[in-house]
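**Student:** Starting off with a structure, shown below.
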Ligand SMILES: Cc1ncc(COP(=O)(O)O)c(C=O)c1O
Ligand SMILES: Cc1ncc(COP(=O)(O)O)c(C=O)c1O
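Chains as they are written, first to last, in my numbering: chain A, 6 to 395; chain B, 6 to 395; chain C, 336 to 479; chain D, 336 to 479.
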């Protein structure tokens, strides 16, 4: 099964050639420890500071507001878990988030609950949108952090971040957003939007896995999750992932330069894909019809189960994903599909294509050619389908 | 100042060509997310499991006892900080470590202290050795973790780990060792030595920065530091640093295959370097004369200051390091040099060469040719030196 | 991760389909849990001469259906009743632990079809099958 | 990280050495802290006609010594007394914050040598220098 169409860019992306080329010398040539005093170390330090500028520029931040780390999960754990524990003595033990966050957020919140925190998870509507009104009602004097993801990884819905951030500020709390899926794909300006903290991850924008960053607004102190050396202005210890950081910086630069054009191109591809898939009977789009990530095309296909769908698409060289129960190893389909109100039997048939920089018109054609065949084959196997065609 | 001799392998190492070659395809060809169901994802998962076997084999562990993460600092924070907090309710809030640990350990202990833990830091003798007798006396019924580094990063002293682990087990506590400097350089068998948890980092053994691992003995549960997805058997969340892990695995395999021969070769180089450097008057070796890491040659050179030494050696293309106060940005020289009882004025002149796989006879010759010139020049500048030659 | 055998049975399921004039039909599982298996039997002289399945579910659900039908085809009813989920798992060269329940479902589906056959023949299935066939309310076949 | 100017003055220190028959000598700092600067002055007609330094310390200590001596060489005593550490820092195109104290030390070393000169000439240095020259016990020259 050789790969023909990679349509799972929300899971991870291919490191782009330019990014890899930028990273390459930092493994075996400029391999110095950025903390070292001699030239090889100083050059490494300069490379990291350049990457910091590149990352900052992409989201409208100042370089010294960027802290590099090992990825989106670490960023979420730090900005929410560490920060909430740190401010709890003066501010209180209440945290607000939503039902559709990534597990890196939800499980951080679970850990907080074990430590006596109270957590309010906001509902979303059928499109996955968080209601600013609901946030206004939920926020309290002891609320320290409000964390709402910029865009959802499963259904692609983009949240009204600026509005939510404003309500949070007015409520006297700090606003964090998990923007792992959004950074590099839609325009973000942390200052304009009033974001206090933000998580991002390189491998979602054609950078390497295992490198990420947090934006922490100047003046806001968040202690380190990882204690040790004085790296990252004492905010995150550990020898820096030099090549990874250089790669993240380059990926941010590239993403920033091509953002609007790329967004338009990918959105057009996505729209054609959505249109085509919806021609298959008993199929529905999940997420918001327009307020969504450019590459995200997510569906529920009735009478078949998502994991089978993924495995059979793989047999045709198509890489896609599902939020079905079987794929998660639990009894329930993804919490996101539950939160938007889908019944289990519909959610089991979830299917997500996420297009990206390397996606082409031919990719969409190929998916639209093969998907109906795969669906037909699985429906022919399905005892449930008989009820539909009766 | 082009690099002529890299003699700072304890700070970081060059990624070896074989390691880089192994990693390379995992950026842009086999770039799948290891959690994905389709072939590209499954292949990634297989690559990680292979690396797990390679890492396990190097230290005598079972593959499922290896948990990959972002490096040595994260491993120390997890095995000590997270574990101690987790077992505190049943076991108690006392932790034992030593005065010569890396900051990743010491600052993790500081954080524990803030949470009401009691920390005993064992002294070391003039060679940097921890006394098993002292541990025996320090261990209590409420001691949960004893953490002693396998080998010190500054002076290279190798601790009597098996003995310390035995005392710890008899005392009913769990034994962790920060083996970041030792793994791949000296033989380690976690089972034989009775080690419960161990930290290691790829970039100290010709692997990439930003990838590390913990060994956690089967049957011992340590909760994740980073919460989120179910990666690493639910012990460490976050999309795996695929290429980094493949690189770590390969580095472990190579290190294991050549360990004894390489140890002998590097030790011989080191001994010649030590002999040569000690010919410079008013110069002393730091650390244990024989029980030390193969590559470590660390000294104190009187009447000159370490940072100047490093900068001037760099002008000759030699990369080395120091534990002087100026280099650390604080008023005090390194805590390790203090712990072995050196007075401030001696410790300020600390100089560390750490040889490694790429070190040659010519490197040693070059250092032995240039170092005396550099020392002479700095001593000629030093108002203190006048007192020596009077 | 699935074995090659599982992938083979998923990609090329044996005995997939229906038997319009089946002598026994069994259905187990439900939509909510995401697995449904339906088994069709053709029995002549106590021998399973034909068997077909239809399955809604994950890769393991399809593969266990395929393998289980293969394992009992041509067997006597008594032999077929001896089929346990672990035999199916073994024949598939293993299943991820989260998927073991699929193999249990396959065992139950075949039993359920055999019970239906017995009932149609006017025979009390309990002594033969060892249970009433009311899997949903049964404690003996502990579904994981 | 150091500026190129700092590295230049470290690699090629100006005025390094001693003046055997100096008219004023000042020493500040101590071994324990890791910085010692010694300044030698030759003064003719109120003008610093020659100046040399010896320094034990880090790169910044050497570079600030070098730069400070350059800045006061050929100046009158009054002009030399106007030298502040921030002028030295600026001339070196900046210093890392942890190294600012080196520039303070350089300022103090020159003052100390001028005070020694005054004392040797039998002049009370306090009104001229603005302090007693007892830097170790002084609150005015706040060392970082
Ligand atoms: C929305 C969201 N948050 C967080 C993460 C975690 O990022 P990482 O895998 O880099 O830890 C992901 C992706 O995995 C994500 O999609
Ligand atoms: C003894 C020791 N422990 C821990 C670390 C931290 O490892 P890392 O930089 O991979 O986080 C290092 C090196 O930096 C070390 O030498």
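Heads up, the beta-carbon is just placed ideally off N, CA and C, and yes, glycines get one too. These figures come from a predicted structure and were not determined experimentally.
Check whether the Cβ of residue 439/C lies closer than 7 Å to any heavy atom of ligand 1, and answer yes or no.
**Tutor:** Checking every heavy atom of ligand 1 against the Cβ of residue 439/C, none is found closer than 7 Å.
**Student:** Less than 8 Å between CB atoms is the rule here; does residue 309/B satisfy it with respect to chain D?
**Tutor:** Output row for residue 309/B: interface = yes.
**Student:** Would you decide whether residue 387/A is buried or exposed? Buried here means 16 or more other CB atoms lie within 10 Å of its CB.
**Tutor:** So residue 387/A ends up on the buried side.
**Student:** Report buried or exposed for residue 226/B, applying the criterion of at least 16 other Cβ atoms within 10 angstroms of its Cβ.
**Tutor:** Counting Cβ neighbours within 10 Å, residue 226/B comes out exposed, since fewer than 16 surround it.
**Student:** Measuring only between beta-carbons, confirm whether residue 38/B sits less than 8 Å from chain A.
**Tutor:** For residue 38/B, the answer is yes, since a Cβ of chain A falls inside 8 Å of its Cβ.
**Student:** State the DSSP-derived secondary structure class of residue 216/A, mapped to helix, strand or coil.
**Tutor:** DSSP places residue 216/A in coil when its eight states are reduced to three.
**Student:** Just to check my reading of the structure: residue 448/D and residue 359/D have Cβ atoms closer than 8 Å, yes? What is that Cβ distance to the nearest angstrom?
**Tutor:** That belief holds up - the Cβ atoms of residue 448/D and residue 359/D are roughly 5 Å apart, short of 8 Å.
**Student:** For my contact list, residue 53/B and residue 250/B are in at a C-beta cut-off of 8 Å; report their separation, rounded to the angstrom.
**Tutor:** Contact holds; Cβ gap of about 5 Å.
**Student:** Taking 8 Å as the threshold (beta carbon to beta carbon), is residue 479/C in contact with chain A?
**Tutor:** Confidence at residue 479/C is low in this model, with a pLDDT of 33, below 50, so its placement is unreliable and the value that follows should be read with caution. False, the Cβ-Cβ gap to chain A never drops below 8 Å.
**Student:** When the cut-off is 8 Å and only beta carbons count, does residue 197/B lie next to chain A?
**Tutor:** So no, residue 197/B is outside the interface.
**Student:** Just the Cα atoms here: how many angstroms apart are residue 385/B and residue 232/A?
**Tutor:** Between residue 385/B and residue 232/A, the C-alpha separation is close to 41 Å.
**Student:** Does the distance between the C-beta of residue 317/A and the nearest non-hydrogen atom of ligand 1 fall short of 7 Å?
**Tutor:** Not so, every heavy atom of ligand 1 lies at least 7 Å from the Cβ.
**Student:** Looking at the structure shown, is residue 305/B part of a helix, part of a strand, or coil, going by DSSP?
**Tutor:** Three-state DSSP puts residue 305/B in a strand.
**Student:** Compute every distance between the C-beta of residue 292/B and the non-hydrogen atoms of ligand 2, then say whether any falls below 7 Å.
**Tutor:** Checking the Cβ of residue 292/B against ligand 2 gives no.
**Student:** Can the beta-carbon of residue 37/A be found less than 8 Å from the beta-carbon of residue 17/B?
**Tutor:** Cβ atoms of residue 37/A and residue 17/B: closer than 8 Å.
**Student:** Mind listing which residues of the region 371 to 389 of chain B have their C-beta closer than 9 Å to chain A's C-betas, in chain order?
**Tutor:** Result list empty, no residue passes.
**Student:** According to the Cβ coordinates, are residue 19/A and residue 211/A closer than 8 Å?
**Tutor:** Cβ distance < 8 Å, so residue 19/A and residue 211/A count as in contact.
**Student:** Counting C-beta neighbours from all protein chains within 10 Å, is the total for residue 313/A 16 or more, i.e. buried, or is it exposed?
**Tutor:** Under this definition residue 313/A is a buried residue.
**Student:** List the DSSP bridge partners of residue 275/B.
**Tutor:** The partner list for residue 275/B (beta bridge, DSSP) is empty, contrary to what the question assumes.
**Student:** With residue 290/B as the anchor, note down where its beta strand (DSSP E) starts and where it stops.
**Tutor:** Run containing residue 290/B: 288 to 290, per the beta strand (DSSP E) assignment.
**Student:** Does the Cβ of residue 113/B lie closer than 7 Å to at least one heavy atom of ligand 3?
**Tutor:** Inclusion of ligand 3 in the displayed structure is not the case, the ligand content consisting of ligand 1 and ligand 2 alone.
**Student:** Is residue 170/B closer than 8 Å to residue 217/B when the C-beta atoms are compared?
**Tutor:** Going by C-beta atoms, residue 217/B is not nearer than 8 Å to residue 170/B.
**Student:** Closest Cβ-Cβ distance between residue 108/A and chain C: below 8 Å?
**Tutor:** False, the Cβ-Cβ gap to chain C never drops below 8 Å.
**Student:** Taking only three categories from DSSP, how would you classify residue 357/B?
**Tutor:** If DSSP states are grouped into helix, strand and coil, residue 357/B belongs with the strands.
**Student:** Can you find a C-beta in chain B that's less than 8 Å from the C-beta of residue 392/D?
**Tutor:** With 8 Å as the cut-off, residue 392/D counts as an interface residue toward chain B.
**Student:** Please list the residues of the region 299 to 327 of chain A that have a C-beta atom closer than 7 Å to any C-beta atom in chain B, keeping them in chain order.
**Tutor:** Listed by position, the residues of the region 299 to 327 of chain A near chain B (Cβ gap below 7 Å) are 312, 315, 316, 319, 324 and 326.
**Student:** Are the beta-carbon atoms of residue 406/C and residue 338/C separated by less than 8 Å?
**Tutor:** Cβ atoms of residue 406/C and residue 338/C: not closer than 8 Å.
**Student:** Below 8 Å, can you find three or more Cβ-Cβ pairs linking the region 361 to 374 of chain C to the region 383 to 392 of chain C?
**Tutor:** As far as the Cβ criterion goes, the region 361 to 374 of chain C touches the region 383 to 392 of chain C, which means the pair count is three or higher.
**Student:** Should residue 199/B be counted as a contact of ligand 2 given a C-beta to heavy atom distance under 7 Å?
**Tutor:** Flag unset: Cβ of residue 199/B not near ligand 2.
**Student:** Classify residue 211/A as helix, strand or coil using the three-state DSSP reduction.
**Tutor:** Of the three classes helix, strand and coil, the one that applies to residue 211/A here is coil, per DSSP.
**Student:** Any heavy atom of ligand 1 closer than 7 Å to the beta-carbon of residue 158/A?
**Tutor:** The answer is yes for residue 158/A.
**Student:** With DSSP run on the structure shown, which of helix, strand or coil describes residue 367/D?
**Tutor:** It is coil, neither helix nor strand.
**Student:** Consider the Cβ of residue 476/D: report whether some Cβ of chain B lies at a distance smaller than 8 Å.
**Tutor:** Its pLDDT being 44, under 50, residue 476/D is placed unreliably in this model, and the coordinates cannot settle the point.
**Student:** Can you tell which of 381/C, 357/C, 456/C and 340/C has the C-alpha that lies nearest to the C-alpha of residue 412/C?
**Tutor:** Closest option to residue 412/C, Cα to Cα, is 381/C.
**Student:** Is residue 190/A near residue 268/A, with beta carbons less than 8 Å apart?
**Tutor:** It is a contact, given that the beta carbons lie within the stated cut-off.
**Student:** DSSP puts residue 25/A in a beta bridge; with which residues?
**Tutor:** Partner(s): none; residue 25/A has no beta bridge.
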